[in-house]
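Right, one structure below, let's go through it.
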Amino acid sequence: MSGPFVIAVDGPAASGKGTIAKGLGEAFRLPVLDTGLLYRAVGVLAERAGELDNAEACAAAAVTMTADQLDDPRLRTREAGEMASQAAVHPEVRAALLEYQRTFAAQEGGAILDGRDIGTVICPTAPAKLYVTATPEVRADRRWKQLQAQGDAVSLEEVLADIRLRDQRDGDRDAAPMRRAPDAVLLDTSEMTIEQAADAARRIVEAARARWENS
Ligand code: CDP
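Under the numbering used here, think of the first position of the sequence shown as 742, with each following residue one higher.
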C-alpha cells in the first residue's frame with residue numbers, strides 16, 4: 742500500500758465516465774474531480790477573448806481561472822465541449838492544468854479524477870484505473886437526451902458528428918492523446934444501463950482496492 746488510493750476514470754465523450762466517477766465517489770467516500778470542466782472553462786474563456794487558437798492565451802486563461810468559474814452551467818453546453826477539445830490540444834494548456842490535478846490526486850485519503858489522460862499522464866501510478874467506453878452511436882444517443890433535457894434542440898445526427906469529431910481530435914493530438922493505459926480495465930457500457938455500469942465499476946475498483954491494501 743503506497744500513496745493515496747487514486748481512481749483514474751478515463752474515456753471518450755458521453756461514455757458514462759462522469760456518472761460512474763460520481764457513483765464511485767459515493768461508494769468509496771472519495772472526492773471527485775471532473776477534469777473535463779477545467780478544459781471547458783479554459784475553452785470558454787479563450788473563445789470569449791477570440792484566442793482559442795492561441796496556445797499562450799489559452800494557457801494564461803488556465804492559470805488565472807478560479808474555482809467558482811467551474812460552477813457555471815454554461816460549461817455543460819455542447820459548444821463548451823467543442824471549445825474544451827480545441828483548447829486541450831495545446832501542450833501549454835495541459836502543462837498549466839497539471840499541478841492542480843496532481844494536487845487534487847495527492848490529498849490524504851485518496852481521490853477520483855475523470856478525464857482523458859488521468860491513467861496515462863496525470864496519475865500513471867494510480868492503483869485503480871478504468872477506461873470507460875461505448876459505441877459512438879450509443880454515446881450520441883445518451884448525449885442527445887442530456888442536451889434535450891437542457892433545452893438544446895440539436896439533432897441526433899449533429900450530436901453523433903460532434904462525438905466523432907471530438908474522438909478523432911482527442912485521440913490524434915500529440916499532447917496526451919486519449920488512450921487506455923495498459924493497466925486500465927476496459928469497461929464497455931454500450932449494452933449497460935447506468936446502474937449496471939456503476940455496479941461493474943464498483944466491483945472493478947473493489948478488486949483493485951483489495952490488491953492495493955495487500956501490496
Ligand atoms: O463530458 P464530455 O466527455 O463530453 O467532455 P469532458 O470530459 O467535459 O471533456 C471535454 C473535452 O476536454 C474533451 O473532449 C477533451 O478534449 C478535453 N479533456 C482533456 O483533454 N483531458 C481531460 N483530462 C479532460 C478533458
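Here a beta-carbon is modelled for each residue, glycine too, at the ideal position from N, C-alpha and C.
In the DSSP assignment, the beta strand (DSSP E) including residue i goes from what residue to what residue?
i           : result
residue 927 : 926-929
So, helix, strand or coil for residue i, using DSSP?
i           : result
residue 749 : strand
residue 869 : strand
residue 766 : helix
residue 854 : strand
residue 874 : strand
residue 808 : helix
residue 792 : coil
residue 757 : coil
residue 882 : helix
What residue range does the alpha helix (DSSP H) around residue i cover?
i           : result
residue 773 : Here residue 773 belongs to no alpha helix (DSSP H); instead the beta strand (DSSP E) covers 773-775.
residue 945 : 935-954
residue 833 : 832-846
residue 805 : 796-805
residue 824 : 819-828
Out of the options, point me to the one whose CA is closest to residue i's CA.
i           : options               : result
residue 796 : 858, 828, 890 and 943 : 828
residue 908 : 830, 784, 774 and 794 : 830
residue 853 : 813, 826, 763 and 798 : 763
residue 836 : 780, 816 and 870      : 780
residue 927 : 864, 871 and 878      : 871
residue 800 : 834, 912 and 911      : 834
residue 956 : 869, 862 and 904      : 869
residue 940 : 878, 753 and 769      : 769
residue 903 : 923, 752 and 822      : 822
Can the beta-carbon of residue i be found less than 8 Å from the beta-carbon of residue j?
i           : j           : result
residue 759 : residue 775 : yes
residue 746 : residue 914 : no
residue 778 : residue 748 : no
residue 798 : residue 787 : yes
residue 919 : residue 857 : yes
residue 888 : residue 879 : no
residue 875 : residue 826 : no
residue 922 : residue 761 : no
(request) Scan the segment 885-920 and note each continuous alpha helix (DSSP H) run of 4 residues or more that stays entirely inside, going in chain order. (result) Here the runs fully enclosed are 897-913.
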